[in-house]
Amino acid sequence: MEKLSFRHTTQKALPGAKASAITGVVASGNLEVLLERNLAPDTCAFEIDTAVNGYAEVWAAVVADFVARRQPGGLTITINDGGARPDTVSLRLAQGARLMEMP
Amino acid sequence: MDWKPVTLSAAPLDQSWYEASARARLAGLLDADSFQEFIGPEQRMMSPHLPLFDLPRAFDDGMIVGQGLLEAQPVLAAAQEGRFMGGAFGEIHGAKLVGLLRAALHLKPAAVLILFDTGGVRLQEANAGETAIAEIMRAIAIARAAGIPVIGLIGGRAGCYGGGGLVAGTCSRLVISEGGRLSVSGPEVIETNRGAEEFDSRDRALVWRTMGGKHRRLLGAADAFVDDTIGAFRAAALAAIPAAPAFDLATLEAEQARLEARLDRFGDCTDATEIWGRLGVDDPTAVPGLTTEAFDALLDRLPEGPHHAR
Numbered sequence: 312m313e314k315l316s317f318r319h320t321t322q323k324a325l326p327g328a329k330a331s332a333i334t335g336v337v338a339s340g341n342l343e344v345l346l347e348r349n350l351a352p353d354t355c356a357f358e359i360d361t362a363v364n365g366y367a368e369v370w371a372a373v374v375a376d377f378v379a380r381r382q383p384g385g386l387t388i389t390i391n392d393g394g395a396r397p398d399t400v401s402l403r404l405a406q407g408a409r410l411m412e413m414p
Numbered sequence: 023m024d025w026k027p028v029t030l031s032a033a034p035l036d037q038s039w040y041e042a043s044a045r046a047r048l049a050g051l052l053d054a055d056s057f058q059e060f061i062g063p064e065q066r067m068m069s070p071h072l073p074l075f076d077l078p079r080a081f082d083d084g085m086i087v088g089q090g091l092l093e094a095q096p097v098l099a100a101a102q103e104g105r106f107m108g109g110a111f112g113e114i115h116g117a118k119l120v121g122l123l124r125a126a127l128h129l130k131p132a133a134v135l136i137l138f139d140t141g142g143v144r145l146q147e148a149n150a151g152e153t154a155i156a157e158i159m160r161a162i163a164i165a166r167a168a169g170i171p172v173i174g175l176i177g178g179r180a181g182c183y184g185g186g187g188l189v190a191g192t193c194s195r196l197v198i199s200e201g202g203r204l205s206v207s208g209p210e211v212i213e214t215n216r217g218a219e220e221f222d223s224r225d226r227a228l229v230w231r232t233m234g235g236k237h238r239r240l241l242g243a244a245d246a247f248v249d250d251t252i253g254a255f256r257a258a259a260l261a262a263i264p265a266a267p268a269f270d271l272a273t274l275e276a277e278q279a280r281l282e283a284r285l286d287r288f289g290d291c292t293d294a295t296e297i298w299g300r301l302g303v304d305d306p307t308a309v310p311g312l313t314t315e316a317f318d319a320l321l322d323r324l325p326e327g328p329h330h331a332r
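Here the protein sequences line up with chains A and B, keeping their order. Position one of the first sequence corresponds to residue 312 (our numbering), numbered consecutively onward. Position one of the second sequence corresponds to residue 23 (our numbering), numbered consecutively onward.
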């Protein structure tokens, strides 16, 4: 297991008023993403528990790409990862952001 | 907490129960937007044991519990996520179900629904898991004695095995689909202990006709056989609530008598098809291919009527 933390400054807050949402399942090649709206609107924090060691740089790139695309200001995003590929991680993050935006 | 999965193209009730996540099953099974989760993932009530084994945890420990409405009737519901550690019972996972069953005594719901999807006890926290199984069975007995039906729904990819099979045996009614399997020792366990000649776990047809939904329904171990859709499970759960038998001495004695008679009648059979033949099925080899409608029609033609005792 490896623990990773990232903190990004965003240009804006993620739209919507939903307090929290969850998507995905912890399974082989899959992950669960818990999103909570509890930070300043220009801040996004990530706490990641991953079963696969040694991929911190890949995680940093996937997270930075998500932040650049979605501007998820205000969110704490906590991840339990069962060894998902980067494309699956991107998909789950996008699903989670969409859930937080939905009325 | 928004816990509903991203909607797929099919209408929720038409989606496959087998393919759905535990949260998607609850969303479709209960009245729309009625489910309220207890101890949701944001509370991070996770396994205290898995970090010792360097294994990833889940925010809900693979067990989602809460209350909702089923056709406007208040119910309590628990769903196991079969993809997280095979839906196995650990300390938190089991304690959430025990707590839900105990809460039923105070909340007096129309029923408690248990959406099984489990390989049994989680080996990494086996003592806590085994204790949880015993506590769950006791809590089900107490809830049933208080007049609250406990309905088991089985159709997940992990089936319902090990301690889950024991817990299912204590439920008031069981609903099962073709994909659902119900047993205590699973195929790989039997093969490991007794050899492939005793039970070849890679022979899928053998697995399904020995532990699958049709066999369990024919034998009387399950009370309803349904298509693999969330809508079919919803309809069967609704029908099961008023059909739940009283939990009294007469029911238990009838169950004991039926189990003894089953052993006398089928104890020397070496394959499920032999059992089906003795039950009065004309063409046992055709049973696995039957549609749900044809299978229900077959059940109606058999000499043995519906039986409350399992």
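Heads up, the beta-carbon is just placed ideally off N, CA and C, and yes, glycines get one too. Being a predicted model, the structure only gives us computed values, none of them experimental.
8 Å Cβ cutoff met for residue i and residue j
| i | j | result |
| --- | --- | --- |
| Glu412 (chain A) | Gly327 (chain A) | yes |
| Arg47 (chain B) | Val336 (chain A) | no |
| Leu98 (chain B) | Ser56 (chain B) | no |
| Thr22 (chain B) | Ala180 (chain B) | In the structure as shown, chain B begins at 23 and stops at 332. Residue 22 (chain B) is therefore absent and cannot be evaluated. |
| Leu51 (chain B) | Ala259 (chain B) | yes |
| Ser207 (chain B) | Arg166 (chain B) | no |
| Ile162 (chain B) | Val172 (chain B) | yes |
| Ile61 (chain B) | Leu119 (chain B) | no |
| Leu123 (chain B) | Ile155 (chain B) | no |
| Gln102 (chain B) | Leu137 (chain B) | yes |
| Ala330 (chain A) | Gly407 (chain A) | no |
| Gly151 (chain B) | Phe111 (chain B) | yes |
| Ala266 (chain B) | Ala246 (chain B) | no |
| Asp250 (chain B) | Ser38 (chain B) | yes |
| Leu346 (chain A) | Leu386 (chain A) | yes |
Environment of residue i [buried if 16+ CB atoms lie within 10 Å]
| i | result |
| --- | --- |
| Phe357 (chain A) | buried |
| Ala218 (chain B) | exposed |
| Leu271 (chain B) | exposed |
| Ser69 (chain B) | buried |
| His329 (chain B) | exposed |
| Phe221 (chain B) | buried |
| Lys280 (chain A) | Past the edges of chain A, shown from 312 to 414, lies residue 280 (chain A), and the structure says nothing about it. |
| Gly302 (chain B) | exposed |
| Asn374 (chain A) | Position check: residue 374 (chain A) holds Val in this sequence, whereas Asn was assumed. Classification for Val374 (chain A): buried. |
| Lys236 (chain B) | buried |
| Lys323 (chain A) | exposed |
| His128 (chain B) | exposed |
| Ala33 (chain B) | exposed |
| Arg403 (chain A) | buried |
| Leu274 (chain B) | exposed |
| Val134 (chain B) | buried |
| Arg216 (chain B) | exposed |
| Glu93 (chain B) | exposed |
| Asn391 (chain A) | buried |
| Glu41 (chain B) | exposed |
| Asp305 (chain B) | exposed |
| Cys291 (chain B) | exposed |
| Thr321 (chain A) | buried |
Boundaries (first-last residue) of the beta strand (DSSP E) holding residue i
| i | result |
| --- | --- |
| Leu98 (chain B) | 95-102 |
| Lys314 (chain A) | 313-320 |
| Gln278 (chain B) | Taken as a continuous stretch (DSSP letters only), Gln278 (chain B) belongs to no beta strand (DSSP E), being part of the alpha helix (DSSP H) at 271-288. |
| Leu346 (chain A) | 342-348 |
| Ala60 (chain B) | The displayed chain sequence assigns Phe, not Ala, to residue 60 (chain B). Segment 58-60, the beta strand (DSSP E) holding Phe60 (chain B). |
| Gln89 (chain B) | 85-92 |
| Ser199 (chain B) | 195-199 |
| Thr361 (chain A) | 354-361 |
| Gly335 (chain A) | 331-335 |
| Phe138 (chain B) | 133-138 |
| Ile390 (chain A) | 386-392 |
| Leu175 (chain B) | 172-176 |
Terminal residues of the alpha helix (DSSP H) in which residue i lies
| i | result |
| --- | --- |
| His329 (chain B) | From DSSP, His329 (chain B) is part of no alpha helix (DSSP H); its letter is neither H nor E. |
| Thr251 (chain B) | No alpha helix (DSSP H) holds Thr251 (chain B); DSSP gives it neither H nor E. |
| Val229 (chain B) | 226-233 |
| Met411 (chain A) | 397-412 |
| Glu210 (chain B) | 209-216 |
Within chain E, partners of residue i - CB distance below 8 Å
| i | result |
| --- | --- |
| Asp360 (chain A) | Annotation note: the requested chain E is absent from the structure, which comprises protein chains A and B. |
Supposed contact pair residue j and residue i - C-beta distance, whole angstroms, cut 8 Å
| i | j | result |
| --- | --- | --- |
| Pro397 (chain A) | Cys355 (chain A) | Going by Cβ atoms, the distance from Pro397 (chain A) to Cys355 (chain A) rounds to 18 Å, so no, they are not a contact pair. |
| Ser205 (chain B) | Met233 (chain B) | 4 Å |
| Thr314 (chain B) | Val248 (chain B) | 7 Å |
| Leu72 (chain B) | Arg79 (chain B) | 5 Å |
| Phe81 (chain B) | Glu343 (chain A) | 6 Å |
| Met312 (chain A) | Asp353 (chain A) | No, Met312 (chain A) and Asp353 (chain A) are not in contact; Cβ-Cβ is about 31 Å, not under 8 Å. |
| Ile252 (chain B) | Leu35 (chain B) | 5 Å |
| Ile170 (chain B) | Val197 (chain B) | The pair is not a contact, with the Cβ atoms about 17 Å apart (cut-off 8 Å). |
| Gly191 (chain B) | Val143 (chain B) | Not confirmed; about 15 Å, so no contact. |
* Asked: Using a Cβ cut-off of 9 Å, which residues of the segment 370-404 of chain A contact any Cβ in chain B, in chain order?
  -> Thr389, Asn391, Asp392, Gly393, Gly394
* Asked: Between the segment 103-115 of chain B and chain A, which residues of the former have CB atoms less than 7 Å from a CB of the latter, in chain order?
  -> Taking 7 Å as the upper bound on Cβ-Cβ separation, chain A lies near residues Glu103, Arg105, Phe106 of the segment 103-115 of chain B.
* Select from the segment 330-353 of chain A all residues with a C-beta closer than 8 Å to any C-beta belonging to chain B, and list them in chain order. => Correct list: Ala330, Ser331, Ala332, Ile333, Thr334, Val336, Val337, Ala338, Asn341, Glu343, Leu345, Glu347.
* Asked: Using Cβ-Cβ distances below 9 Å, what residues of the segment 43-64 of chain B are close to chain A?
  -> Ser43, Ala44, Arg45, Gly62, Pro63, Glu64
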